[in-house]
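Structure first, commentary second.
2 protein chains.
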Amino acid sequence: MISEIIEAINEGQSFLITAHVRLDGDALGSELALYLMLRELGKNVVVYNQDHTPERYRFLPAEQNIIHNISNVEQYDVGIVLDCSDLARVGDEAENIGKIKKLINIDHHVSNNGFCSLKMLDAHASSTGELLFRLIREMRFKMSKDICTNLYAAIITDTGSFRYSSTTNETLFAAGTLVENGADPQWIAENVYENDSPVRLKLLAKALETLSLDMKNKVGSLVVTQKALLEAGASWEHTEGFVDIPRTVRGIEISILYTQRGDNHFKLSLRSKAKANVEKVAKKFGGGGHIHASSCWMKGDIESIKSQIIKAVREL
Amino acid sequence: MISEIIEAINEGQSFLITAHVRLDGDALGSELALYLMLRELGKNVVVYNQDHTPERYRFLPAEQNIIHNISNVEQYDVGIVLDCSDLARVGDEAENIGKIKKLINIDHHVSNNGFCSLKMLDAHASSTGELLFRLIREMRFKMSKDICTNLYAAIITDTGSFRYSSTTNETLFAAGTLVENGADPQWIAENVYENDSPVRLKLLAKALETLSLDMKNKVGSLVVTQKALLEAGASWEHTEGFVDIPRTVRGIEISILYTQRGDNHFKLSLRSKAKANVEKVAKKFGGGGHIHASSCWMKGDIESIKSQIIKAVREL
């Protein structure tokens with residue numbers, strides 16, 4: 001399969017690269033690494049994203065070349081859809097992009113539905129960035145520093161800086177090669193992890209006031225109310241990473257972030273460590289995800305929601 | 317030099333391994349990896365530390381074998397001092413340990429004073445764990461899973477999970493080999509980073525109330541007062557990592573943690589990103605460290621201390 005993808009790349013002249021809405025570092029780093037390679041190979045290339053690049057990823061080399069409108073998809077020989085388990089994840093232009101003669105999908109999600117025939121899928125890869133690393137090596141293409149920076153950023157954002165279970169020896173060897181060829185681990189980590197809005201810490205201060213640690217049931221949680229958002233001048237996007245905080249406590253296995261999205265309406269993000277299965281908890285309330293990371297929506301006052309959750313955890 | 321160290325290891329029969337007081341993951345992981353190798357080689361070995369192992373590192377394989385008292389150092393053929401730039405860093409038994417016939421020092425600190433003749437020093441290595449990895453490979457010793465776990469923990473704690481500037485391609489290749497041979501990145505990271513006392517988050521909530529962000533001078537700070545420690549039931553050890561929080565804000569280049577150690581007496585921990593030089597600031601007030609991490613002590617009320625610091629930063 002990989003040789004057919006390489007053939008399509010070699011034969012095509014005009015390319016559209018895209019990824020999913022709600023962009024993350026893996027989607028963006030992968031898009032831009034591929035863009036830079038195709039450009040160096042003398043191809044015509046565009047990167048199209050429905051959403052704008054979050055501030056923390058604007059440092060990625062070539063980011064300023066991303067476009068947010070497309071017309072006339074017939075002009076492209078090949079469409080490359082990255083980090084998407086389903087074509088619909090591309091957003092409003094999914095159907096349009098589906099019309100491109102030759103589609104290639106490169107992805108690492110377990111849930112991938114195989115929406116096109118040319119594909120490079122590996123649910124054991126840490127990231128789409130790691131898959132692109134393999135593809136580029138297979139092509140014997142000499143990676144520039146900018147390509148390495150993009151792939152390195154892709155890998156660290158999808159592995160939590162090599163902390164998640166998706167991290168393998170292959171991931172670390174790929175990262176080593178990227179650093180050998182010019183990626184700067186400290187500079188990239190600084191850009192990705194130390195680039196928050198000041199309101200995030202104001203919101204965190206308020207969220208920590210709600211910290212509850214149920215050591216008996218090994219559940220820790222934080223609540224972000226609409227009042228807290230208002231007072232901090234924040235939006236719910238600023239809660240990124242809050243869910244990981246309660247589980248930094250020894251003995252806590254399940255970490256929950258309750259964000260209020262309306263009167264008596266909460267979104268729950270659940271994370272677990274060790275063997276606790278939060279997917280089962282989320283499913284009980286109509287949500288889903290996987291063992292270590294799931295989410296669901298619940299209605300009611302926060303105290304009754306919390307006790308329903310504790311009950312569900314006890315029944316695990 | 318490395319061949320002389322290997323010779324000393326092969327010839328010796330009885331070994332004492334030690335490291336510095338105020339133990340960290342690099343000191344402990346390195347000690348225990350070396351201990352396990354020497355045991356497998358059929359040697360008599362003890363690991364001696366003055367301090368007890370912090371809770372977060374008690375998961376390290378063979379940790380329960382560490383001893384905290386020594387007598388009769390004449391019984392040891394070789395003493396191996398790890399992660400110490402100076403023999404005195406070992407603590408109260410330094411002089412005693414200095415009497416062991418053959419001393420070996422393996423260390424990566426720039427400030428190493430070369431206190432013994434047999435040494436393996438490299439200030440460009442991320443960690444003593446990385447140096448031991450090189451030594452063990454050079455000996456062609458087949459690393460067990462437990463040795464790999466110890467070395468992996470050593471490397472991640474000294475690189476902030478591959479985020480600090482000390483991270484090189486060699487560091488990542490070593491980590492990849494350790495994972496290939498059995499180290500589990502997620503399990504180790506969970507133990508190291510998600511193993512805090514519950515009071516730490518209570519203290520963090522209080523510290524965040526003091527957050528100050530001076531965007532003009534790019535300085536962010538937190539204050540931990542004795543009152544906050546008392547109210548949270550915490551001690552100043554629980555402030556570990558707090559200094560890194562203000563610099564997660566976009567535009568902040570210098571991060572300062574003020575911890576009150578007495579009436580009108582504060583310890584300052586300073587961190588920087590990008591090109592800001594906090595060593596210069598700390599030196600102005602009789603402290604020291606290096607460009608990106610320094611500390612000093614100051615007397616006075618917190619507001620006057622803060623304005624002295626801002627003045628020093630402006631003069632950089």
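Protein chains in written order, with our numbering: chain A, 1 to 316; chain B, 317 to 632.
For every residue, glycine included, the Cβ atom is placed at its ideal position computed from N, Cα and C.
Closest in alpha carbon position to Gly-25 of chain A, among A:Val-192, A:Gly-114 and A:Ser-126, is A:Val-192. Residues of the stretch 463-478 of chain B with a Cβ closer than 9 Å to any Cβ of chain A, in chain order: Ile-472, Thr-475, Gly-476, Ser-477 and Phe-478.
With a cutoff of 9 Å on beta-carbon distance, Lys-417 of chain B and Leu-434 of chain B are scored as not near each other.
When C-beta distances to chain A are compared with 9 Å, the residues of the stretch 484-496 of chain B below that value are Thr-484, Asn-485, Glu-486, Thr-487, Leu-488, Phe-489, Ala-490, Ala-491, Gly-492, Thr-493, Leu-494, Val-495 and Glu-496, in chain order. Distance check between Ser-144 of chain A and each of A:Ile-291, A:Gly-182, A:Gly-12 and A:Gly-114 places A:Gly-182 closest, using alpha-carbon atoms only. If you draw a straight line from the Cα of Val-223 of chain A to the Cα of Lys-299 of chain A, it is about 14 Å long. The alpha carbon of Thr-564 of chain B has as its nearest neighbour, out of A:Ala-189, A:Ser-304, A:Arg-250 and A:Gly-262, the alpha carbon of A:Ala-189.
The residue among B:Ser-330, B:Ser-401 and B:Ile-413 with its C-alpha nearest the C-alpha of Ser-427 of chain B is B:Ser-401. Contact annotation: in the stretch 503-520 of chain B, residues whose CB is within less than 8 Å of a CB in chain A are Ala-505, Glu-506, Tyr-509, Glu-510, Asn-511, Asp-512, Ser-513, Pro-514, Arg-516, Leu-517, Lys-518 and Leu-520. In the DSSP assignment, Val-508 of chain B falls within the unbroken alpha helix (DSSP H) covering 501-509. In the structure shown, Tyr-152 of chain A falls within a helical segment according to DSSP collapsed to helix, strand and coil.
Shown in chain order are the members of the stretch 41-61 of chain A whose Cβ falls below 9 Å from a Cβ of chain B: Glu-55 and Arg-56. Bounds of the alpha helix (DSSP H) holding Leu-229 of chain A are 226-232. DSSP links Ala-609 of chain B through a beta bridge to B:Arg-587 and B:His-606. Taken through DSSP and simplified to helix, strand or coil, His-238 of chain A comes out as helix. Of the candidates A:Arg-58, A:Arg-22, A:Phe-15 and A:Gly-288, the residue whose Cα lies closest to the Cα of Gly-42 of chain A is A:Phe-15. At a cut-off of 9 Å between C-beta atoms, Tyr-574 of chain B does not count as an interface residue with respect to chain A.
When DSSP states are grouped into helix, strand and coil, Asp-107 of chain A belongs to the strand group.
In the DSSP assignment, no residue is bridged to Gly-29 of chain A.
Judged by their CB atoms, Cys-296 of chain A and Leu-316 of chain A are not nearer to each other than the 9 Å cut-off. The beta-carbon distance between Leu-203 of chain A and His-238 of chain A, rounded to whole angstroms, is 5 Å. This is short enough to meet the 8 Å contact definition.
Residue burial annotation: His-440 of chain B is exposed, with fewer than 16 other C-beta atoms found within 10 angstroms of its C-beta.
Assignment of Tyr-373 of chain B by DSSP, reduced to helix, strand and coil, places it in the helix class. Residue environment analysis places Asn-381 of chain B among the exposed positions, since fewer than 16 neighbouring C-beta atoms fall within 10 angstroms of its C-beta. In this structure, DSSP gives Tyr-574 of chain B an extended state, which the three-state scheme calls strand. According to the DSSP secondary-structure assignment, Val-219 of chain A is paired through a beta bridge with A:Asp-214 and A:Ile-254. Distance from Ile-254 of chain A to Lys-218 of chain A at the Cβ level is roughly 6 Å; contact confirmed, criterion being Cβ atoms closer than 8 Å. In the same chain as Cys-116 of chain A, and ignoring 5 residues on each side of it, the C-beta atoms closer than 6 Å to its own belong to Leu-103 and Asn-105, in chain order.
As far as DSSP is concerned, Phe-173 of chain A takes part in no beta bridge.
In this chain, the alpha helix (DSSP H) harbouring Val-594 of chain B covers 594-600. Of all residues in the stretch 60-91 of chain A, none has a C-beta nearer than 7 Å to a C-beta of chain B.
At a cut-off of 9 Å between beta-carbon atoms, Leu-211 of chain A makes contact with chain B. Secondary structure of Val-21 of chain A (DSSP, three-state): coil. Per DSSP, His-440 of chain B has no beta-bridge partner at all. In the three-state DSSP reduction, Ser-620 of chain B falls in the helix class (H, G or I).
Collapsing the DSSP output to three states places Met-614 of chain B in a strand.
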